[in-house]
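What follows is a short report on a single structure.
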Amino acid sequence: MVARGMKRKLYGSDNGGGSVWESQLQSVLDISLDKFQRDQALVEPSLLRSVLITNTLRQVQSVVKTHLSGVSFHPKLHTQPKKQPELLSTLGSIPAGHSASLCSLGVEDMEDDLMAWPSEEDLSLATAITGILNDLDAALDDDCGLSVPQRLPLASMENLPGDGRSKQNSTISHKTDGCRASILGNSSHMSNYLQEAVIDDLLLDIDTNVFEAEANSVSPCAFSFPADQLVKYLPPFSNSSAVSLTPASPPMVR
Amino acid sequence: AMAGVGGGNDFQWCFSQVKGAIDEDVAEADIISTVEFNYSGELLATGDKGGRVVIFQREQESKNRPLSRGEYNVYSTFQSHEPEFDYLKSLEIEEKINKIRWLPQQNAAHFLLSTNDKTIKLWKISERDKRAEGYNLKDEDGRLRDPFRITTLRVPVLMPMDLMVEASPRRIFANAHTYHINSISVNSDHETYLSADDLRINLWHLEITDRSFNIVDIKPANMEELTEVITAAECHPHQCNVFVYSSSKGTIRLCDMRAAALCDRHSKFFEEPEDPSSRSFFSEIISSISDVKFSHSGRYMMTRDYLSVKVWDLNMENRPVETYQVHEYLRSKLCSLYENDCIFDKFECCWNGSDSAIMTGSYNNFFRMFDRNTRRDITLEASRENSKPRAMLKPRKVCTGGKRKKDEISVDSLDFNKKILHTAWHPKENVIAVAATNNLYIFQDKIN
Numbered sequence: 001m002v003a004r005g006m007k008r009k010l011y012g013s014d015n016g017g018g019s020v021w022e023s024q025l026q027s028v029l030d031i032s033l034d035k036f037q038r039d040q041a042l043v044e045p046s047l048l049r050s051v052l053i054t055n056t057l058r059q060v061q062s063v064v065k066t067h068l069s070g071v072s073f074h075p076k077l078h079t080q081p082k083k084q085p086e087l088l089s090t091l092g093s094i095p096a097g098h099s100a101s102l103c104s105l106g107v108e109d110m111e112d113d114l115m116a117w118p119s120e121e122d123l124s125l126a127t128a129i130t131g132i133l134n135d136l137d138a139a140l141d142d143d144c145g146l147s148v149p150q151r152l153p154l155a156s157m158e159n160l161p162g163d164g165r166s167k168q169n170s171t172i173s174h175k176t177d178g179c180r181a182s183i184l185g186n187s188s189h190m191s192n193y194l195q196e197a198v199i200d201d202l203l204l205d206i207d208t209n210v211f212e213a214e215a216n217s218v219s220p221c222a223f224s225f226p227a228d229q230l231v232k233y234l235p236p237f238s239n240s241s242a243v244s245l246t247p248a249s250p251p252m253v254r
Numbered sequence: 001a002m003a004g005v006g007g008g009n010d011f012q013w014c015f016s017q018v019k020g021a022i023d024e025d026v027a028e029a030d031i032i033s034t035v036e037f038n039y040s041g042e043l044l045a046t047g048d049k050g051g052r053v054v055i056f057q058r059e060q061e062s063k064n065r066p067l068s069r070g071e072y073n074v075y076s077t078f079q080s081h082e083p084e085f086d087y088l089k090s091l092e093i094e095e096k097i098n099k100i101r102w103l104p105q106q107n108a109a110h111f112l113l114s115t116n117d118k119t120i121k122l123w124k125i126s127e128r129d130k131r132a133e134g135y136n137l138k139d140e141d142g143r144l145r146d147p148f149r150i151t152t153l154r155v156p157v158l159m160p161m162d163l164m165v166e167a168s169p170r171r172i173f174a175n176a177h178t179y180h181i182n183s184i185s186v187n188s189d190h191e192t193y194l195s196a197d198d199l200r201i202n203l204w205h206l207e208i209t210d211r212s213f214n215i216v217d218i219k220p221a222n223m224e225e226l227t228e229v230i231t232a233a234e235c236h237p238h239q240c241n242v243f244v245y246s247s248s249k250g251t252i253r254l255c256d257m258r259a260a261a262l263c264d265r266h267s268k269f270f271e272e273p274e275d276p277s278s279r280s281f282f283s284e285i286i287s288s289i290s291d292v293k294f295s296h297s298g299r300y301m302m303t304r305d306y307l308s309v310k311v312w313d314l315n316m317e318n319r320p321v322e323t324y325q326v327h328e329y330l331r332s333k334l335c336s337l338y339e340n341d342c343i344f345d346k347f348e349c350c351w352n353g354s355d356s357a358i359m360t361g362s363y364n365n366f367f368r369m370f371d372r373n374t375r376r377d378i379t380l381e382a383s384r385e386n387s388k389p390r391a392m393l394k395p396r397k398v399c400t401g402g403k404r405k406k407d408e409i410s411v412d413s414l415d416f417n418k419k420i421l422h423t424a425w426h427p428k429e430n431v432i433a434v435a436a437t438n439n440l441y442i443f444q445d446k447i448n
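Protein sequences, first through last, are from chains A and B. For what it's worth, UniProt numbering labels the leading residue of the first sequence as 1, then goes sequentially. For what it's worth, UniProt numbering labels the leading residue of the second sequence as 1, then goes sequentially.
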């Protein structure tokens with residue numbers, strides 16, 4: 001497990017911004033998922049290879065889980081965009097090594113807002129992610145080697161306006177608008193995006209650039225939602241000769 | 001240059017021979033998958049993806065042919081394994097030879113074990129240079145004689161004939177492995193051997209094919225809990241009760257067969273603590289051990305992981321005594337190497353006869369040698385360009401950054417399709433065999 005705020009150390013030589021780390025995380029996830037899916041399509045994938053790839057996926061998942069549980073989404077970001085610069089400068093002053101949890105910052109206004117974080121958001125978010133993951137499961141179970149699983153429309157996940165495939169960092173205000181749009185359920189952006197959305201896009205999109213200025217750049221997900229939901233549905237390692245993922249309740253990965 | 005086997009002299013590796021087609025177009029079946037000298041070094045065996053075994057024999061040095069100087073020439077070629085089809089699981093079993101291991105020679109014939117993913121075979125290679133003539137019941141072309149026409153009895157006599165080398169399968173050890181066999185190792189008792197697949201290790205008696213003993217089983221009850229597999233196994237060279245096996249998590253377990261029938265519990269556990277500063281998503285994959293070899297002395301063992309070779313003292317479990325970087329410049333390229341699957345390449349390693357030096361392969365047809373005493377290392381290349389008889393090999397260098405010097409090659413120019421996975425060192429002399437895809441290179445020390 002990676003300690004909170006210590007993500008940078010995963011890539012020791014990389015002292016760039018969090019976006020570099022994110023793109024690396026994204027690459028590893030993309031590549032791992034691709035290999036996993038291709039191997040499942042083989043009649044007899046190599047056990048060594050499968051184990052190594054699955055362990056890598058689990059690592060990614062574990063990292064994501066750590067950050068999901070460590071960072072809360074700050075509602076101010078989508079309700080009061082004007083306060084962005086102030087918030088960001090505050091965040092920017094967090095020295096490396098501190099927890100990314102906003103609760104520990106002692107920034108007075110924030111605490112109340114965090115308390116007021118609506119729970120429906122949590123649920124809808126969780127549901128959406130569950131949906132995506134179920135699709136991934138189903139696609140893998142299908143065993144027909146589909147490279148891109150079909151996705152259910154996201155209810156409230158999307159926060160990247162315009163081209164959903166863009167992985168570039170957007171400005172904060174831009175992002176904020178996107179957040180609002182997604183939470184309100186703007187589906188016109190979503191359907192395009194969703195055609196190709198995979199869990200990695202999800203992780204990247206949910207978040208992060210909000211805290212771009214933070215030195216200790218941050219988790220893929222700025223929302224606080226039950227990490228369990230997310231991690232539960234990453235595909236478990238299955239016997240090479242029988243692809244038998246059970247979408248209903250996949251036994252999971254610790 | 002490195003200290004020689006005798007100590008004190010530097011090696012000067014020279015090209016000796018290359019076997020195999022020159023074609024740029026490599027047939028998949030011709031790709032060499034294993035290389036092994038026999039105990040005396042007189043014979044050199046290779047196995048390929050097409051299931052064939054080719055054995056080379058060293059020419060006796062003689063005054064008549066001074067230039068041959070101990071050259072290896074084809075002695076025997078045979079088809080060891082054929083592709084099979086498992087009807088139950090509806091999958092094809094590759095004929096690729098994963099490993100060859102020689103048995104110590106006990107009579108005029110030579111014996112070796114060869115294995116593919118599922119089946120191990122014991123082959124007898126014998127010479128025939130005499131033929132019996134003058135049979136009573138059949139005539140010279142083998143046709144049966146009419147018994148009523150036989151009026152006299154004679155004793156057949158042995159007549160010389162052209163040397164013929166025959167390979168015949170003497171034992172077939174099948175149906176004992178559900179998963180893919182990665183290792184076989186002959187025990188020092190010369191009666192038993194072990195075979196290892198991803199999850200299990202079996203002990204066989206060379207005479208008995210219809211059963212084997214399972215001595216290690218790491219298969220979890222629920223396959224979804226599987227996080228580690230067996231990658232290699234070897235018997236101790238002197239203690240017939242001891243063997244080791246390595247895992248995909250970079251650990252080695254030493255087991256004593258006297259302790260229990262099932263060696264799931266190890267006697268020793270070798271693992272180097274991870275360096276937290278170099279941790280990445282690929283840490284586990286690159287720690288996976290692709291080969292483990294005991295030293296000839298039996299005091300040490302060597303493991304090969306993706307970027308390094310480590311020498312372990314059997315008496316020290318918590319860290320290796322020596323670590324050699326094979327191609328550390330690849331560490332910053334791991335993501336790309338993961339993407340193109342090179343990170344899964346399984347490099348082997350080997351000791352020289354006196355355990356003073358170790359060798360392993362790399363990319364771009366480079367191979368590396370490390371002298372354990374002087375700590376000097378050298379990078380050499382197996383290529384047709386350096387193939388003039390007795391031409392000395394020039395050391396190669398990979399440029400890792402900054403200005404590339406003349407004769408250096410930059411990391412980005414390396415050909416990752418040219419990988420040296422299999423190398424072997426003559427048990428007594430400074431002669432090495434290096435498999436470069438479909439070609440077998442033999443290099444000798446000039447002093448030889």
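Positions of the beta carbon are idealized from the N, C-alpha and C atoms, including for glycine.
Neighbour-count burial assignment, residue i, 16 or more Cβ in a 10 Å radius
i                      : result
residue 156 of chain B : exposed
residue 320 of chain B : buried
residue 101 of chain B : buried
residue 50 of chain B  : buried
residue 133 of chain B : exposed
residue 50 of chain A  : buried
residue 443 of chain B : buried
residue 225 of chain B : exposed
residue 303 of chain B : buried
residue 358 of chain B : buried
residue 47 of chain B  : buried
residue 189 of chain B : exposed
residue 43 of chain A  : exposed
residue 130 of chain B : exposed
residue 25 of chain B  : exposed
residue 52 of chain A  : buried
residue 360 of chain B : buried
residue 113 of chain B : buried
residue 300 of chain B : buried
residue 183 of chain A : Reliability of the predicted coordinates at residue 183 of chain A is poor, the pLDDT of 30 falling under 50, and no value is obtained from them.
Residue interval of the alpha helix (DSSP H) (run including residue i)
i                      : result
residue 381 of chain B : Note, residue 381 of chain B: premise wrong, no alpha helix (DSSP H); beta strand (DSSP E) at 377-381.
residue 69 of chain A  : 47-70
residue 363 of chain B : Note, residue 363 of chain B: premise wrong, no alpha helix (DSSP H); not H, not E.
residue 399 of chain B : Unbroken run through residue 399 of chain B is the beta strand (DSSP E), 397-399; no alpha helix (DSSP H).
residue 337 of chain B : 334-339
Segment limits, beta strand (DSSP E) that includes residue i
i                      : result
residue 245 of chain B : 242-247
residue 39 of chain B  : Per DSSP, residue 39 of chain B belongs to no beta strand (DSSP E) and is neither H nor E.
residue 311 of chain B : 308-313
residue 216 of chain B : 213-217
residue 253 of chain B : 252-256
residue 325 of chain B : 322-325
residue 186 of chain B : 183-186
### Residues of the stretch 317-338 of chain B whose Cβ lies closer than 8 Å to any Cβ of chain A, in chain order
332, 335 and 338
### Query
At a cut of 8 Å, does the stretch 325-337 of chain B reach the stretch 301-317 of chain B through at least three beta carbon pairs?
yes
### Complete alpha helix (DSSP H) runs within the stretch 278-302 of chain B (minimum length 4 residues, chain order)
283-287
### Query
When Cβ atoms are compared, which residues of the stretch 189-221 of chain B fall closer than 7 Å to chain A?
198: these are the residues of the stretch 189-221 of chain B whose beta carbon lies less than 7 Å from some beta carbon of chain A, given in chain order.
### Query
Are the stretch 19-29 of chain A and the stretch 70-79 of chain B in contact at 8 Å, needing three or more beta carbon pairs?
no
### chain A contacts made by the stretch 264-281 of chain B, where a contact means CB separation under 9 Å
276, 277, 278, 279, 280 and 281
#### Entry: Cβ-based contacts, 7 Å cut-off: residues of the stretch 391-416 of chain B near chain A
none
### Query
For the stretch 89-163 of chain B, which segments carrying the beta strand (DSSP E) assignment without a break, of at least 3 residues, lie completely within its bounds, in sequence order?
91-93, 99-102, 110-115 and 120-133
### Query
If you pair each beta-carbon of the stretch 272-283 of chain B with each one of the stretch 254-262 of chain B, do three or more pairs fall below 8 Å?
Using a C-beta cut-off of 8 Å, the stretch 272-283 of chain B makes no contact with the stretch 254-262 of chain B, since fewer than three inter-stretch Cβ pairs fall below that distance.
### Query
Would you call the stretch 389-407 of chain B and the stretch 339-356 of chain B touching, i.e. three or more CB-CB distances under 8 Å?
no
### Message
Report the start-end ranges of each alpha helix (DSSP H) in the stretch 15-86 of chain B that is 4 residues or longer and not cut off at the edges.
### Response
If one requires a minimum length of 4 residues, no alpha helix (DSSP H) run lies completely within the stretch 15-86 of chain B.
### Query
Mind listing which residues of the stretch 167-183 of chain B have their C-beta closer than 9 Å to chain A's C-betas, in chain order?
179, 180 and 182
#### Entry: Inside the stretch 414-441 of chain B only - beta strand (DSSP E) runs reaching at least 3 residues
422-425 and 431-436
### Query
Name the residues in the stretch 29-40 of chain A whose C-beta lies less than 7 Å from a C-beta of chain B; which are they?
31
### Task
Taking 8 Å as the threshold, find out whether the stretch 82-101 of chain B comes into contact with the stretch 140-149 of chain B through three or more Cβ pairs.
no
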